[in-house]
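Going down the list, the protein sequences come from chains U and W.
Okay, so the first sequence: first residue is 18 according to our numbering, each after it adds one.
Okay, so the second sequence: first residue is 18 according to our numbering, each after it adds one.
Protein chains: 2
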Amino acid sequence: MGTDLSPRGREIVAAAADLLEGEGAQALSMRRIAERLGMRAPSLYRHFPDKRSIEAALVSQGFRDLAARFAQASGDGDPAAAIAREYRAFAHARPHLYRLMTTRPLDRGALAPGVEDAAAAHVVRAFGGDADLARAAWAFAHGMTILEIDGRFPPGADLDAAWRRGIEALRP
Amino acid sequence: MGTDLSPRGREIVAAAADLLEGEGAQALSMRRIAERLGMRAPSLYRHFPDKRSIEAALVSQGFRDLAARFAQASGDGDPAAAIAREYRAFAHARPHLYRLMTTRPLDRGALAPGVEDAAAAHVVRAFGGDADLARAAWAFAHGMTILEIDGRFPPGADLDAAWRRGIEALRP
DNA sequence: GTCTATACCCGGATAGAC
DNA sequence: GTCTATCCGGGTATAGAC
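(1) Can you give me the C-alpha to C-alpha distance between S77(W) and V132(W), rounded to a whole angstrom?
(2) At what residues does the alpha helix (DSSP H) containing G191(U) begin and finish?
(3) Roughly how many angstroms separate the alpha carbons of W190(W) and G183(U), rounded to a whole number?
(4) Use the C-beta contact count for E185(W): other C-beta atoms within 10 angstroms, 16 or more gives buried, fewer gives exposed.
(5) For a contact defined as C-beta to C-beta under 9 Å, what are the partners of R48(U) on chain W?
(6) Which residues in chain W have a C-beta closer than 9 Å to the C-beta of L83(U)? List them in chain order.
(7) Could you tell me the boundaries of the alpha helix (DSSP H) in which P122(W) lies?
(8) Could you tell me whether the segment 140-151 of chain W touches the segment 122-137 of chain U, where touching means 3 or more Cβ pairs closer than 8 Å?
(9) Checking contacts by CB at 8 Å: is R102(W) closer than that to chain U?
(10) Quick one: what does DSSP say L61(W) is sitting in, helix, strand or coil?
(11) Between P122(U) and R63(W), what straight-line distance do the alpha-carbon atoms span, to the nearest angstrom?
(12) Using the C-alpha atoms, what's the distance from R86(W) back to D177(U)?
(13) If we define contact as Cβ-Cβ less than 8 Å, is A97(U) a contact residue for chain W?
(14) The alpha helix (DSSP H) with R142(U) in it runs from where to where?
(15) Are the segment 52-59 of chain U and the segment 88-108 of chain U touching, with three or more C-beta to C-beta distances below 8 Å?
(16) Starting from the beta carbon of M118(U), find every residue of chain W whose beta carbon is closer than 7 Å, and list them in chain order.
(17) Tell me the DSSP secondary structure of P189(W) in three-state form.
(18) Check D67(W) in the structure and name its three-state DSSP category.
(19) What does the Cβ neighbour count give for R125(W), buried or exposed, with the cut at 16 atoms within 10 Å?
(20) With 8 Å set as the bound, which would you pick, yes or no: does the beta-carbon of G79(U) sit closer than that to a beta-carbon of chain W?
(21) Can you tell me whether G160(W) is buried or exposed, with buried defined as 16 or more other CB within 10 angstroms of its CB?
(22) Around the C-beta of G79(U), are 16 or more other C-beta atoms found within 10 angstroms, so that it is buried, or is it exposed?
(23) With C-beta atoms as the reference, is M47(W) less than 8 Å away from L61(W)?
(24) Below 8 Å CB to CB, which residues in the same chain sit around H139(U) once its five sequence neighbours on both sides are set aside?
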């Protein structure tokens, strides 16, 4: 579940994270991960049951990092805006990890328990405990972020302005 | 570019659309498309240069269908809400096509010219011609839609309520 | 226990024969 | 225009060396 990893398991996850950061999702193959560690792909299956469980470990770590950013934002005078800023900054710092975390159905059973809820709790709190509003705000932030990362907005678009409009409108 | 297709080309795109609808994105392989037409995969390359160009034809058709829905919504008393309703309905009716249209960098050069802009123009108009607001609204709608389709919201979440909150907040 | 070699099936794509 | 044969690169199961 991403928490109780052997030292070798941690090395594998670290190698996978480096690969993902450096070369993107399509470089994240069992053969390439193994290559980084001077071993063969089938050997990885002694440490992880399949590729998805390695990805789940990466995603779990991503949620922990995101929650840590949110925790710092909580002290801000405008927590909703601060959370949005941290969300955007996280995704821009690690776009490939962000895509891995958000652009597919989540394999919740494979995740370290509680990591998703921990991040979500900060968001709900920043939006005054209003779950419906928090979900709308998350949808807005994810939409802006992923469309931005994927280059879906037109070239000249003022994305700072769009972010501002959305955050203003959705403030609790 | 998806407009001037030979009759055989149209058959190929139709077979691809059926496959995508019926079995999802991972079933959309050159071998499976060819199988539906009683031919071999390499023969497809006489009609399309690569798989991405077949996908681009599907995406182009998706944008045309979406724009047609938006055109109907334009006559509504509350165009912004009507557009959002149509957007959500389109994605729920054809979730695999919606993912294909939105969850990767768009290969704009391969698309039928103008189809993306035609759909976008309806959105901007529904939001009073305010491009920043329209982008925020698109981001919200896409975020809600894709998170909903991917099952990312918690099981008991009241998504109708979250949609309502977002649309109210972002109304022009 | 840990790793290797081998192999299977799937994918996209190309070359060349008919 | 369609075929067969083939290449390369994926995930992954199995068997066996150390």
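In this text, a Cβ means the ideal position worked out from N, Cα and C, and glycines have one as well.
On the basis of the coordinates in this document:
(1) 6 Å
(2) Past the boundaries of the shown model lies residue 191(U); chain U is included only from 18 to 189, so the question cannot be answered.
(3) No statement about residue 190(W) is possible, as the shown extent of chain W runs from 18 to 189 and does not include it.
(4) exposed
(5) What R48(U) touches in chain W: nothing, since even the nearest Cβ is about 20 Å away.
(6) Those do not exist, as L83(U) stays about 14 Å from chain W at its closest Cβ, beyond 9 Å.
(7) Per DSSP, P122(W) belongs to no alpha helix (DSSP H) and is neither H nor E.
(8) no
(9) no
(10) helix
(11) 35 Å
(12) Taking the straight line from one Cα to the other gives about 30 Å.
(13) no
(14) 132-143
(15) no
(16) Correct list: empty, because the minimum Cβ distance to chain W is about 10 Å.
(17) coil
(18) coil
(19) exposed
(20) No, G79(U) lies away from the interface with chain W (no Cβ there is under 8 Å from its Cβ).
(21) Under the 10 Å beta carbon count, G160(W) is surrounded by 16 or more other beta carbons and is classified as buried.
(22) buried
(23) Between M47(W) and L61(W), the gap from beta carbon to beta carbon is short of 8 Å.
(24) A84, F87, A88, A90, S91, I100
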